[in-house]
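One structure is given below, encoded as C-alpha coordinates.
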Amino acid sequence: MLDSSTWKTAHSAGLTWQNYLTAHAERTAGWKAHIAAARLTAEQGVHLASFTRRMNVLVLTGAWCGDCAVQCPMIGAIAAACPVADVRFLEQADHADLADQLRICGGTRVPTVVWCSEDFNFCSMLGDRTLARYRSIAARQLGASCPLPWATVASDETSATLQDWLEEFERVQLMLRTSPRLRQLHGD
(Lines of atoms letter the chains of each structure in order from A; the text may use other names.)
(Lines give C-alpha, C1' and ligand atoms only; values in the text may rest on other atoms or scores of the structure.)
Protein backbone atom coordinates (compact mmCIF):
# COMPACT_ATOMS: atom_id res chain seq x y z
CA MET A 376 0.00 0.00 0.00
CA LEU A 377 1.10 3.58 -0.55
CA ASP A 378 2.89 5.51 2.18
CA SER A 379 1.41 8.41 4.14
CA SER A 380 3.30 11.09 2.20
CA THR A 381 1.83 9.79 -1.08
CA TRP A 382 -1.69 9.84 0.37
CA LYS A 383 -1.13 13.35 1.74
CA THR A 384 0.12 14.63 -1.62
CA ALA A 385 -2.82 13.06 -3.48
CA HIS A 386 -5.30 14.40 -0.93
CA SER A 387 -3.92 17.94 -1.17
CA ALA A 388 -4.32 17.80 -4.97
CA GLY A 389 -7.99 16.88 -4.61
CA LEU A 390 -11.00 19.17 -4.75
CA THR A 391 -13.88 19.56 -2.33
CA TRP A 392 -17.21 18.28 -3.62
CA GLN A 393 -18.49 21.71 -4.68
CA ASN A 394 -15.17 22.63 -6.29
CA TYR A 395 -15.13 19.31 -8.14
CA LEU A 396 -18.63 19.95 -9.52
CA THR A 397 -17.61 23.45 -10.59
CA ALA A 398 -14.37 22.30 -12.21
CA HIS A 399 -16.23 19.63 -14.18
CA ALA A 400 -19.55 21.45 -14.66
CA GLU A 401 -19.92 20.50 -18.32
CA ARG A 402 -19.54 16.78 -17.64
CA THR A 403 -21.43 16.68 -14.33
CA ALA A 404 -24.50 18.51 -15.65
CA GLY A 405 -26.17 15.12 -16.14
CA TRP A 406 -25.67 14.32 -12.46
CA LYS A 407 -28.41 16.70 -11.24
CA ALA A 408 -31.05 14.03 -10.53
CA HIS A 409 -28.52 11.93 -8.63
CA ILE A 410 -27.39 14.95 -6.61
CA ALA A 411 -31.03 15.67 -5.72
CA ALA A 412 -31.57 12.02 -4.71
CA ALA A 413 -28.50 11.92 -2.43
CA ARG A 414 -30.27 13.16 0.67
CA LEU A 415 -29.43 12.00 4.15
CA THR A 416 -32.16 11.44 6.70
CA ALA A 417 -32.07 13.66 9.78
CA GLU A 418 -30.92 10.66 11.82
CA GLN A 419 -28.06 9.92 9.40
CA GLY A 420 -26.96 13.57 9.51
CA VAL A 421 -26.95 13.62 13.31
CA HIS A 422 -24.98 10.40 13.39
CA LEU A 423 -22.33 11.71 10.98
CA ALA A 424 -22.10 14.99 12.90
CA SER A 425 -21.31 13.00 16.05
CA PHE A 426 -18.04 11.66 14.63
CA THR A 427 -15.05 13.11 16.47
CA ARG A 428 -11.89 11.71 14.89
CA ARG A 429 -10.58 13.43 11.77
CA MET A 430 -10.41 11.27 8.66
CA ASN A 431 -8.91 12.17 5.31
CA VAL A 432 -10.90 10.70 2.45
CA LEU A 433 -9.78 10.57 -1.16
CA VAL A 434 -12.27 9.81 -3.95
CA LEU A 435 -10.81 8.83 -7.31
CA THR A 436 -13.62 9.57 -9.74
CA GLY A 437 -14.54 10.25 -13.34
CA ALA A 438 -16.97 12.94 -14.43
CA TRP A 439 -17.82 10.72 -17.44
CA CYS A 440 -18.77 7.69 -15.32
CA GLY A 441 -22.32 6.57 -14.54
CA ASP A 442 -21.33 4.86 -11.28
CA CYS A 443 -19.64 8.10 -10.19
CA ALA A 444 -22.74 10.09 -11.15
CA VAL A 445 -24.82 7.90 -8.84
CA GLN A 446 -22.43 7.40 -5.92
CA CYS A 447 -20.27 10.55 -5.70
CA PRO A 448 -23.26 12.76 -4.79
CA MET A 449 -23.85 10.39 -1.86
CA ILE A 450 -20.24 10.80 -0.75
CA GLY A 451 -20.59 14.56 -1.22
CA ALA A 452 -23.68 14.56 1.04
CA ILE A 453 -21.82 12.53 3.66
CA ALA A 454 -18.89 14.97 3.49
CA ALA A 455 -21.22 17.93 4.02
CA ALA A 456 -22.75 16.31 7.12
CA CYS A 457 -19.51 15.07 8.68
CA PRO A 458 -17.23 17.95 9.73
CA VAL A 459 -14.32 15.64 10.64
CA ALA A 460 -14.27 13.99 7.21
CA ASP A 461 -12.01 15.95 4.87
CA VAL A 462 -13.21 14.49 1.58
CA ARG A 463 -11.38 15.35 -1.65
CA PHE A 464 -12.20 14.32 -5.21
CA LEU A 465 -9.57 13.55 -7.86
CA GLU A 466 -10.36 13.08 -11.54
CA GLN A 467 -8.93 9.69 -12.52
CA ALA A 468 -7.84 10.90 -15.96
CA ASP A 469 -5.62 13.53 -14.32
CA HIS A 470 -4.05 11.08 -11.86
CA ALA A 471 -3.34 7.97 -13.94
CA ASP A 472 -0.32 6.95 -11.81
CA LEU A 473 -2.43 6.88 -8.65
CA ALA A 474 -5.28 5.12 -10.45
CA ASP A 475 -2.85 2.47 -11.65
CA GLN A 476 -1.79 1.79 -8.06
CA LEU A 477 -5.40 1.51 -6.87
CA ARG A 478 -6.53 -1.18 -9.29
CA ILE A 479 -9.50 -3.29 -8.27
CA CYS A 480 -9.98 -6.69 -9.89
CA GLY A 481 -7.20 -5.75 -12.31
CA GLY A 482 -8.84 -2.55 -13.52
CA THR A 483 -8.66 1.16 -12.82
CA ARG A 484 -12.17 1.55 -11.48
CA VAL A 485 -14.09 4.57 -10.30
CA PRO A 486 -15.25 5.65 -7.90
CA THR A 487 -12.53 4.33 -5.63
CA VAL A 488 -12.57 5.76 -2.13
CA VAL A 489 -9.61 5.65 0.25
CA TRP A 490 -9.88 6.52 3.94
CA CYS A 491 -6.81 7.64 5.89
CA SER A 492 -6.23 8.70 9.46
CA GLU A 493 -5.50 12.31 10.38
CA ASP A 494 -1.79 11.66 9.68
CA PHE A 495 -2.57 9.94 6.36
CA ASN A 496 -2.06 6.35 7.42
CA PHE A 497 -4.15 4.07 5.19
CA CYS A 498 -7.33 2.74 6.83
CA SER A 499 -9.62 1.41 4.12
CA MET A 500 -10.43 1.35 0.42
CA LEU A 501 -13.77 0.72 -1.27
CA GLY A 502 -14.61 0.83 -4.93
CA ASP A 503 -16.13 0.90 -7.45
CA ARG A 504 -19.53 -0.09 -6.16
CA THR A 505 -20.97 -0.93 -2.78
CA LEU A 506 -22.58 -4.29 -2.12
CA ALA A 507 -26.11 -2.90 -2.54
CA ARG A 508 -25.16 -1.36 -5.89
CA TYR A 509 -23.56 -4.60 -7.10
CA ARG A 510 -26.64 -6.57 -6.05
CA SER A 511 -28.95 -4.25 -7.97
CA ILE A 512 -26.80 -4.27 -11.08
CA ALA A 513 -26.45 -8.05 -10.96
CA ALA A 514 -30.23 -8.42 -10.62
CA ARG A 515 -30.82 -6.23 -13.69
CA GLN A 516 -28.08 -7.79 -15.84
CA LEU A 517 -28.58 -5.34 -18.66
CA GLY A 518 -26.80 -2.59 -20.47
CA ALA A 519 -23.18 -1.62 -20.54
CA SER A 520 -20.94 -2.21 -17.56
CA CYS A 521 -20.92 1.51 -16.84
CA PRO A 522 -24.39 3.12 -16.87
CA LEU A 523 -24.91 6.54 -18.37
CA PRO A 524 -24.88 9.53 -15.98
CA TRP A 525 -28.55 10.32 -16.61
CA ALA A 526 -29.79 6.74 -16.13
CA THR A 527 -32.58 6.39 -13.57
CA VAL A 528 -31.77 4.56 -10.35
CA ALA A 529 -34.51 3.01 -8.21
CA SER A 530 -35.00 4.80 -4.89
CA ASP A 531 -34.51 1.60 -2.87
CA GLU A 532 -31.16 1.06 -4.61
CA THR A 533 -30.19 4.67 -3.92
CA SER A 534 -31.10 4.33 -0.23
CA ALA A 535 -29.27 1.02 0.16
CA THR A 536 -26.17 2.29 -1.65
CA LEU A 537 -26.11 5.45 0.47
CA GLN A 538 -26.43 3.30 3.60
CA ASP A 539 -23.46 1.18 2.46
CA TRP A 540 -21.32 4.32 2.08
CA LEU A 541 -22.48 5.60 5.49
CA GLU A 542 -21.56 2.31 7.11
CA GLU A 543 -18.05 2.39 5.65
CA PHE A 544 -17.55 5.95 6.92
CA GLU A 545 -18.76 4.76 10.34
CA ARG A 546 -16.54 1.66 10.24
CA VAL A 547 -13.48 3.82 9.57
CA GLN A 548 -14.51 6.34 12.24
CA LEU A 549 -14.78 3.54 14.80
CA MET A 550 -11.43 2.17 13.64
CA LEU A 551 -9.91 5.60 14.25
CA ARG A 552 -11.67 6.08 17.62
CA THR A 553 -10.53 2.70 18.94
CA SER A 554 -7.00 2.82 17.53
CA PRO A 555 -4.56 2.46 20.45
CA ARG A 556 -2.08 4.71 18.63
CA LEU A 557 -4.60 7.50 18.08
CA ARG A 558 -6.15 7.12 21.55
CA GLN A 559 -2.71 7.60 23.07
CA LEU A 560 -2.04 10.56 20.77
CA HIS A 561 -5.32 12.25 21.78
CA GLY A 562 -5.33 11.12 25.42
CA ASP A 563 -8.72 9.46 25.17
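Quick note: the sequence shown uses the numbering used here, first residue 376, plus one each step.
Virtual Cβ for every residue (Gly too), placed ideally from N, Cα, C.
Taking a C-beta distance under 8 Å as the contact criterion, His422 and Glu466 do not qualify as a contact pair. Of the residues Val489, Thr381 and Cys443, the one whose Cα lies closest to the Cα of Thr403 is Cys443. For Arg402, the enclosing alpha helix (DSSP H) stretches over residues Ala400 to Thr403. CA-CA distance, Leu549 to Ala514, rounds to 32 Å. For Met449, the enclosing alpha helix (DSSP H) covers residues Gly441 to Ala456. Using a 10 angstroms sphere on the CB of Ala454, the tally of other CB atoms reaches 16 or more, which defines it as buried.
The residue from Ile512, Arg510 and Val485 with its alpha-carbon nearest to that of Leu501 is Val485. Within the same chain, Leu501 come within 6 Å of Glu543 by CB-CB distance, once the 5 residues on both sides are set aside.
For Val547, the enclosing alpha helix (DSSP H) starts and ends at Ser530 to Thr553. Counting C-beta pairs with one atom in each stretch, the stretch 376 to 385 and the stretch 446 to 460 have fewer than three that are closer than 8 Å, which means they do not touch. Of the residues Arg429, Leu473, Gly437 and Thr397, the one whose Cα lies closest to the Cα of Met376 is Leu473. It is roughly 11 Å from the alpha-carbon of Leu415 to the alpha-carbon of Thr533. The beta carbon of Gln446 sits closer than 8 Å to those of Pro486, Arg504, Thr505, Arg508, Thr536 and Trp540, all from its chain and outside the five residues before and after it, given in chain order. In the same chain as Ser387, and ignoring 5 residues on each side of it, no C-beta atom comes closer than 7 Å to its own. Counting only residues of its own chain and dropping the five nearest sequence neighbours on each side, Val432 has a CB closer than 6 Å to the CB of Ala460, Val462 and Trp490.
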